[in-house]
Structure formats: C-alpha cells, structure tokens
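Undergrad:
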Amino acid sequence: MRARSEIYLLLALLALALVSPFLAELTGQQYLISSMSRLLIFAIAAISLDLILGYGGLVSLGHAAYLGIGAYVVGILSFHAFEGTTLFGLPGTDNGAVSLPLAVAISAVTAALIGALCLRTSGIYFIMITLAFAQMLFFLSVSLQRYGGDDGLFMSGGANKIFGLDLGDDATLYFVSLAALVAFFLLCRAVVGSRFGRVLGGIRQNEPRMKTLGYSPYRYKIAAFALAGAGAGLAGGLIANHAEFVSPDLLHWTRSGELLFMVILGGMGSLTGAIFGAAAFLLLEEYLPIVFGALSLDLLKDHWRVVFGPLLILIMLFNRRGIYGGIFGSGGRDGR
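Per the working numbering, the very first residue in the sequence shown carries number 329; after that it's consecutive.
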C-alpha cells in the first residue's frame with residue numbers, strides 16, 4: 329500500500345512539474361522557472377549522495393567535489409570553445425551532448441579513484457579522508473588562475489547547446505533537468521532494487537556476514553561510489569549551465585554539508601525523500617531570509633543558516649525518517 333501511495337504521489341508531482349513552467353508563464357512569474365530548475369538539479373545531487381549514505385551507510389563529507397568537477401568540466405570546455413584554444417590537444421566544445429557525458433564520466437572515475445583509497449578505512453577516518461580529498465580538489469580549483477581561480481569562471485560563450493536546444497533558455501534547461509532527474513531516479517531505483525542493491529544493503533547492515541557469503545564489500549562500495557559520483561557530476565554540469573558560471577565554492581566542504589542535510593531532512597535510504605529534502609532545503613534557503621526580514625529579525629535575516637543546526641538535531645531526535653517517513657509512516661529503503 330505504501331509503495332502504491334508513493335507511486336501515485338510521484339506521478340502527481342511529475343504532472344505538476346510538467347505544467348509548472350506554463351503556469352509560471354501564465355502568471356507572469358517566469359523567474360520561478362529558474363528556481364525550479366535549480367531545485368531539480370540539486371535533487372539529482374541529493375539522490376546521488378543518498379545512494380552511498382542511505383543505502384551504503386557511507387558518510388561522505390566530500391561529495392560536493394564531484395558536483396564541482398562536473399561543473400568545471402563543462403565550464404572549461406566552454407571556455408576553450410569560446411577562446412578557440414585546445415585542451416590537451418583537443419578543442420573545447422559548447423555541445424552539451426559532449427560536455428555533459430564527459431562531466432559524468434570524469435566525476436565517476438574521480439569518485440572511483442578516491443573511493444578506492446577512502447574505502448580502505450571506516451568510521452571517522454573515512455569521513456575525514458573524504459573531507460581531505462574534497463578540500464584538496466577545492467584548493468586545486470582555486471589555484472587554476474587561467475580559469476578564474478578564486479573568482480570563478482564565467483561561461484562567456486553562454487550555456488551549452490544540446491541537440492539544437494539552448495540550455496541558456498530557462499524553459500529548455502528546466503525540461504532537460506527534469507528529464508535528467510527522472511532518468512537518474514529510475515536508474516537508482518533499479519539499482520537499489522536489484523541484487524547489487526540488496527548486497528549493498530547487506531554490507532551496510534553486517535559487512536562481516538557478507539564477506540563470509542563470498543561477496544567483496546570493497547568492490548561493491550567502489551561501484552556505488554562511482555555511480556554516486558556520476559550523478560553528482562551530472563548535477564554539476566547542469567548547474568554550470570544554469571548559472572553560466574563555475575565557482576570553487578561548488579567543491580567546498582560546506583556544500584557537501586548542505587547535500588548531507590538535504591538527505592537527512594528528506595529521509596536517509598529513500599530516493600524519494602532525497603527529492604523532498606532538496607526541495608525543502610532550497611525553499612528554506614529562499615524564503616527564510618524573507619520571513620525573518622518581515623518579522624524585523626535582522627540578525628537572523630543575515631544569519632538564517634543558524635536555524636539549520638537546531639532543525640537537524642530535532643530531526644535526528646524525533647523523526648530520523650525525515651520528510652519521507654513523516655508522509656508514508658515508514659523510513660527509508662524505498663527502493664524495495
């Protein structure tokens with residue numbers, strides 16, 4: 329019954345997502361299309377983190393690194409295409425059909441390589457090593473002076489084109505992001521409901537037992553890490569086209585913390601919950617300063633993120649299942 333209710337809710341949300349841009353146009357609030365695109369993009373990133381956090385039990389404080397890598401791949405290729413210069417002897421491109429798959433592939437490979445090292449540890453050591461690698465990549469992006477360094481990289485040639493469609497158009501980017509979210513959600517849903525997903529869940533619950541059954545937890549975790557990195561890279565490539573700007577801030581550990589908060593807020597071990605968590609976080613980010621300003625709470629208006637700490641504590645104390653559990657009355661593992 330819960331699964332059927334969830335499917336109905338997802339179909340209703342998909343229908344709403346399909347008509348939302350047209351409603352925004354009719355009401356003269358076209359700016360909302362851009363905000364909704366950002367929501368869809370970060371939902372992809374949240375799902376990718378939930379794959380390793382909620383299903384694999386791997387707490388990573390460096391997941392935003394793959395988001396940033398995907399963004400920089402798109403930004404750097406666009407930069408060289410605009411300048412007419414080459415990168416490693418190859419020309420740049422503003423063709424999204426080339427740059428977005430490259431962003432996904434490079435992020436996935438990077439995640440697999442980092443995972444191969446980090447996954448030899450566990451617990452707090454694993455968390456700190458993922459954080460260390462992410463900060464290394466952050467400082468590397470800051471050092472890339474040709475690509476803007478600390479100031480970031482503007483995509484002077486504009487957003488990518490994909491199959492003749494201009495991603496600089498808000499409506500086009502919205503529907504491309506929606507298609508990407510649906511595709512990645514269905515892929516992850518299939519993965520967590522497959523034998524691979526069941527083994528990954530078994531490793532999270534009792535790794536020694538899975539070893540005695542003949543499975544290699546290390547290899548399964550690396551595969552999950554690579555898939556999660558690919559999803560974050562896809563989100564990064566889309567966010568670069570959304571902002572037409574790439575910043576080292578995308579790789580900073582605080583961005584990883586935000587993604588972590590989205591997953592916990594939505595409900596760990598729930599792909600649907602990750603979408604809810606991303607939506608709730610971005611809505612709070614958008615409207616909390618406005619609410620505090622209306623209440624003349626100027627200090628909170630300028631430091632609105634301070635409410636996230638107590639909110640996270642309350643969730644962990646009273647509703648660890650997050651928004652998903654609050655709606656469906658049962659926590660995570662919604663893949664099966």
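A virtual CB, placed ideally from N, CA and C, is assigned to each residue, including glycine.
Taking all protein chains shown into account, decide if ALA507 is buried (16 or more other Cβ within 10 angstroms of its Cβ) or exposed.
TA: Burial call: exposed.
Undergrad: Residues in the same chain with beta-carbon distance under 6 Å from MET459, minus the five sequence neighbours each way, listed in chain order, please.
TA: The identity of residue 459 in the sequence shown is Leu, whereas the question assumes Met. LEU389, GLY390 and TRP581, listed in sequence order.
Undergrad: Measuring CA to CA, which of ILE452, ALA602 and PHE589 is closest to GLY637?
TA: Of the candidates ILE452, ALA602 and PHE589, the one whose C-alpha sits nearest the C-alpha of GLY637 is PHE589.
Undergrad: Between SER505 and the rest of its own chain, which residues show a CB-CB distance below 6 Å, the 5 nearest in sequence each way excluded?
TA: Contacts found: SER365, LEU368, ILE369 and LEU566.
Undergrad: Let me know the alpha helix (DSSP H) ranges lying completely inside the stretch 445-521, each 4 residues or longer, listed in chain order.
TA: List check, alpha helix (DSSP H) in window: 451-471 and 498-520.
Undergrad: Return the bridge partner residues of ASN423 from the DSSP annotation.
TA: DSSP lists LYS489 as partners of ASN423.
Undergrad: PRO349: buried (16+ other C-beta within 10 angstroms of its C-beta) or exposed?
TA: Buried: at least 16 other Cβ atoms inside 10 Å.
Undergrad: By the three-class DSSP mapping on this structure, what secondary structure does LEU625 have?
TA: In this structure, LEU625 counts as coil in the three-state DSSP scheme.
Undergrad: ILE442 to LEU640, Cα distance in whole Å?
TA: When rounded, the distance between both Cα atoms is 28 Å.
Undergrad: Terminal residues of the continuous alpha helix (DSSP H) containing SER575?
TA: Per DSSP, SER575 belongs to no alpha helix (DSSP H) and is neither H nor E.
Undergrad: So, for ALA373: in the same chain, excluding its five sequence neighbours on each side, which residues have a beta-carbon less than 6 Å away from its beta-carbon?
TA: Hits under 6 Å: LEU395, ALA560, ALA563 and LEU587.
Undergrad: Pick helix, strand or coil for THR413, following the three-state DSSP scheme.
TA: Note: THR413 maps to coil in three-state DSSP.
Undergrad: Taking the continuous alpha helix (DSSP H) assigned at TRP581, which residues delimit it?
TA: Here the alpha helix (DSSP H) through TRP581 covers 581-594.
Undergrad: In terms of alpha-carbon separation, which member of LEU541, ARG537, GLY486 and PHE524 lies closest to ALA409?
TA: It is GLY486.
Undergrad: Might you give, ordered along the chain, the residues of its own chain that have their beta carbon closer than 6 Å to the beta carbon of VAL401, omitting 5 neighbours on each side?
TA: Within the same chain, VAL401 has close Cβ partners LEU430, ALA431 and ILE434.
Undergrad: Note down the Cα distance separating GLY597 from MET464, rounded to an integer number of angstroms.
TA: In a straight line, the C-alpha of GLY597 is about 29 Å away from that of MET464.
Undergrad: Can you tell me which residues form a DSSP beta bridge with LEU418?
TA: LEU415, per the DSSP bridge assignment.
Undergrad: So, for ALA558: in the same chain, excluding its five sequence neighbours on each side, which residues have a beta-carbon less than 7 Å away from its beta-carbon?
TA: VAL432, SER435 and ALA436, listed in sequence order.
Undergrad: Could you give the distance in angstroms between the alpha-carbon of LEU501 and the alpha-carbon of PRO536?
TA: Approximately 45 Å, taken between the alpha carbons.
Undergrad: Can you give the Cα-Cα distance for LEU381 and LEU354, rounded to whole angstroms?
TA: Answer to the nearest angstrom: the Cα atoms are 40 Å apart.
Undergrad: What did DSSP end up calling GLN533 once you bin it into helix, strand or coil?
TA: In the structure shown, GLN533 sits in a helix (DSSP, three-state: H, G or I).
Undergrad: May I ask which residues mark the beginning and end of the alpha helix (DSSP H) holding GLY390?
TA: Where GLY390 is concerned, there is no enclosing alpha helix (DSSP H), given that its DSSP letter is neither H nor E.
Undergrad: Assign ALA518 to one of two classes, buried (16 or more other C-beta atoms within 10 Å of its C-beta) or exposed (fewer than that).
TA: With fewer than 16 Cβ atoms within 10 Å of its Cβ, ALA518 is classed as exposed.
Undergrad: Which word fits PRO576, buried or exposed, when buried means at least 16 other C-beta atoms lie within 10 angstroms of its C-beta?
TA: PRO576 is buried by the Cβ-count criterion.
Undergrad: Compare the beta carbon distance of LEU599 and ASP422 with 8 Å and say whether it is the shorter of the two.
TA: No, Cβ-Cβ distance for LEU599 and ASP422 is not below 8 Å.
Undergrad: Taking the beta carbon of ARG532 as the centre, do at least 16 other beta carbons fall within 10 Å, making it buried, or is it exposed?
TA: With 16 or more other Cβ atoms within 10 Å, it is buried.
Undergrad: Could you say which of PHE604, LEU628, ALA439 and ASP626 lies nearest to LEU341 if we only look at CA atoms?
TA: When only C-alpha atoms are compared, the closest one is PHE604.
Undergrad: Within a Cβ cutoff of 6 Å, which residues of the same chain sit near PHE461, ignoring the five residues on either side of it in sequence?
TA: Taken in chain order, the residues that qualify are GLY390 and ILE442.
Undergrad: Would you tell me roughly how many angstroms separate the C-alpha atoms of PHE466 and VAL574, rounded to the nearest one?
TA: Whole-angstrom Cα-Cα distance: 12 Å.
Undergrad: Taking a contact to mean a Cβ-Cβ separation below 8 Å, would you say LYS549 touches LEU386 in this structure?
TA: In contact: LYS549 and LEU386 (Cβ atoms closer than 8 Å).
Undergrad: Buried or exposed: which applies to GLY412, given that a residue is buried once 16 or more other Cβ atoms fall within 10 Å of its Cβ?
TA: Exposed, because fewer than 16 other Cβ atoms sit within 10 Å of the Cβ of GLY412.
Undergrad: Are the beta-carbon atoms belonging to LYS489 and LEU481 less than 8 Å from one another?
TA: Going by C-beta atoms, LYS489 is not nearer than 8 Å to LEU481.
Undergrad: Do ILE375 and PHE512 have their beta-carbon atoms positioned less than 8 Å apart in this structure?
TA: Result yes, Cβ atoms of PHE512 and ILE375 sit closer than 8 Å.
Undergrad: Where do the ends of the alpha helix (DSSP H) carrying TYR543 lie?
TA: It is not in any alpha helix (DSSP H) - TYR543 carries neither H nor E in the DSSP assignment.
Undergrad: Mind checking ASP498: buried by the 16 CB within 10 Å criterion, or exposed?
TA: With 16 or more other Cβ atoms within 10 Å, it is buried.
Undergrad: Which residue's Cα is closest to the Cα of ARG649: GLY595, ALA371, GLN357 and ILE404?
TA: Ranking GLY595, ALA371, GLN357 and ILE404 by Cα distance to ARG649 puts GLY595 first.
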